[in-house]
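Written out below as structure tokens is the structure these notes cover.
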Amino acid sequence: MNCGEFEQVLPDYLEGSQNPDQQAHLKTCSACSDLLADLNLISSQAVLLRESDEPSTRVWNLLESQLRREGLIHAPTLPRPSWHESLQRWRAAWVIPAAAAMIIAAGIKLYHPTRAGDSSTVARQSAPAPPTPKISAEDTAILNTVAARPPAQRASYRADLDRANAYIRDAEQSVRSDPSDMYNQQLLINAYEQKQMLYDLAVDRSGGEQ
Amino acid sequence: MGREATDAGKCAVGALTVVMLAGVAFGAGVERKDLHFKVGKHPMISINNKYGPVRVKAGAPHQVSVTAILHSDKVELDQGTRGSRVDLVSHLLAGSDETSGTVEYELTVPPDASLTLHSGNGAVHVEKLHGDVMMEGDNGPVEIVECGDGHIHVRTLDGKVSLTNVHNGHIEISSMGGDIELNSVDGPFVKVNSNSGKIQYNGDFSDSGIYDFSSYTGNIEALAPSYASIDVLARSTNGPVQSDFSLEPKHTPFAMKVGSAFAGTLGKAASSVNLFSFSGKIHLKKRQN
């Protein structure tokens, strides 16, 4: 097994589907084993976040450095609040882990480092995005949160969720087609901010009832 | 004489009818509450109202006056004060719905008050405040008029957002489907993030600020005067872009595709203007006056 093949199965590996070939590759490849260690650390920290109101700076730094390494974000050229400051500004206790998990998932999904002699990278980048399920588990949880609202509001919320997901899909596709384009990256960040807003608004309003 | 008496009689009957209708309405469970709070400097006012409009305007210093009209006994008004903080919550009781849970608020607050507002479907109007305004809502329209000098953050799902005569603000607006209109708005940081809602700006991009407008499918239209001092970058991944200005060319970190991106400077390029969309149309228009 080579690095490219391992990256293909990385999401499955993280979910526990492991085989001897993958283990053998990890023993001999420091790049892949380092990457795996980083992702495991981030995942474990994200789980811990459920217990706290505010993630530690270390977690945000890890997330940011991970995304930078993957080329999904770059150092900002404009004097503006950093992306994690923006994310932190509108936090809710359990939305942050959800958002973090989404970003990690996006990072894993989009992680395609170029290595010398890896001729499959270009082909992978131009390949169409894998089909996205109509509704994810996280979205189902959010829709359940707003289930008590009037039908028109629920429908409106579902439509907004679909629009946010469509934005994320298209922005991800743009990043894939040109990973070095910082404006595509900014669109992707904006798309995630919109989805985070949907999550926040669902939580806040439900907390005010009864 | 007889005619005057008849007119007077009609007026009396009319007035009586109004009083009776009001009585019927209030008899059906509508309740009006008038509250007054004494507060210190820079008070913080928090309102959480799921159904119904909220109007907030600047009044006398150190005083918060609240008029709340509760549409039924299925909703209560919870109030709390702590120091210079005033909390108002429309507390929905079991069995309440969009109609019976409605509360209409009208507040006058000190001009230096900061406002945190969670609203559902009701219209929100905020006027002449110079503190921070943090507002979240679902579908009701949001109007912010003659405010400034503070942070103004608005997050809404599908409500229309309108800011007029807002100066020196740190402004962030996020919307899914609601249109966003900024008229005579400036500040060191103005950011709008829309999904399908249209973004319209009519101002002079002053204050040496950063103006960052982006959308997914919504169109972006910015109207600026010929004397504007801007460094502008516009790009739509899949939509058309257009500028009425003859801009001084500038280097861009991406390849310029004619018709889908433009970049350049105008005047001393004091403010940075970024207009980005995925598939919306972008138009930088020149204002004639």
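Keeping their order, the protein sequence lines are chains A and B. Numbered per my numbering, the first sequence finishes at 212, counting up by one with no gaps. Numbered per my numbering, the second sequence finishes at 621, counting up by one with no gaps. Where a beta carbon is used, it is the ideal one built from N, C-alpha and C, also for glycine.
If you check each beta-carbon in the region 508–521 of chain B against every beta-carbon of chain A, the ones closer than 8 Å belong to MET508, GLY509 and PHE521. Setting aside the 5 residues that flank it on each side, A:ILE170 is surrounded in the same chain by ALA193, each with a C-beta closer than 6 Å to its C-beta; the list follows chain order. Taken through DSSP and simplified to helix, strand or coil, A:ASP202 comes out as helix.
Taking a Cβ-Cβ threshold of 8 Å, the residues of chain A close to B:ARG487 are TRP92, MET199, ASP202 and LEU203, in chain order.
When DSSP states are grouped into helix, strand and coil, A:ILE137 belongs to the coil group. Per the Cβ contact rule, the region 381–389 of chain B is in contact with the region 428–444 of chain B (3 or more Cβ pairs under 8 Å). Each residue's CA atom was taken as its position, placing B:GLY415 and B:ILE542 some 36 Å apart. CA-to-CA, the gap between B:ALA560 and A:VAL205 works out to about 42 Å.
Per DSSP, the beta-bridge partners of B:LYS523 are B:GLU504 and B:ASP544. Residues of chain B whose Cβ lies closer than 8 Å to the Cβ of A:ASP162 are, in chain order, LEU489, ASP490, MET508, GLY509 and ASN527. For A:GLN20, there is no enclosing beta strand (DSSP E), as DSSP marks it with neither H nor E. Between B:THR569 and chain A, the shortest Cβ-Cβ separation is below 7 Å. Remark: fewer than three beta-carbon pairs, one from each stretch, lie closer than 8 Å, so the region 417–429 of chain B and the region 456–464 of chain B are not flagged as touching. Put simply, the backbone Cα of A:LEU38 is about 10 Å away from that of A:PRO13. Around the CB of B:GLY491, 16 or more other CB atoms lie within 10 Å, so the residue is classed as buried. Here B:SER404 has GLY361 and SER432 as same chain residues with Cβ atoms under 6 Å from its own Cβ, once five neighbours each way along the sequence are excluded.
Under DSSP, B:ILE377 shares a beta bridge with B:VAL418 and B:LEU447. A:MET3 is the residue among A:ALA154, A:MET3 and A:ASP183 whose C-alpha sits nearest the C-alpha of A:PRO22. Collapsing the DSSP output to three states places B:MET588 in coil. The shortest C-alpha to C-alpha distance from A:SER182 to any of B:GLY427, B:PHE586 and B:SER547 is the one to B:PHE586. The region 547–584 of chain B contains, as complete beta strand (DSSP E) runs of 3+ residues, the segments 552–556, 562–568 and 573–575 (chain order).
With 16 or more other CB atoms across the displayed protein chains lying within 10 angstroms of its CB, B:HIS485 is buried. In the three-state DSSP reduction, B:HIS615 falls in the strand class (E or B). At least one beta carbon of chain A lies nearer than 7 Å to the beta carbon of B:TYR548. In this structure, DSSP gives A:GLN10 a helical state, which the three-state scheme calls helix.
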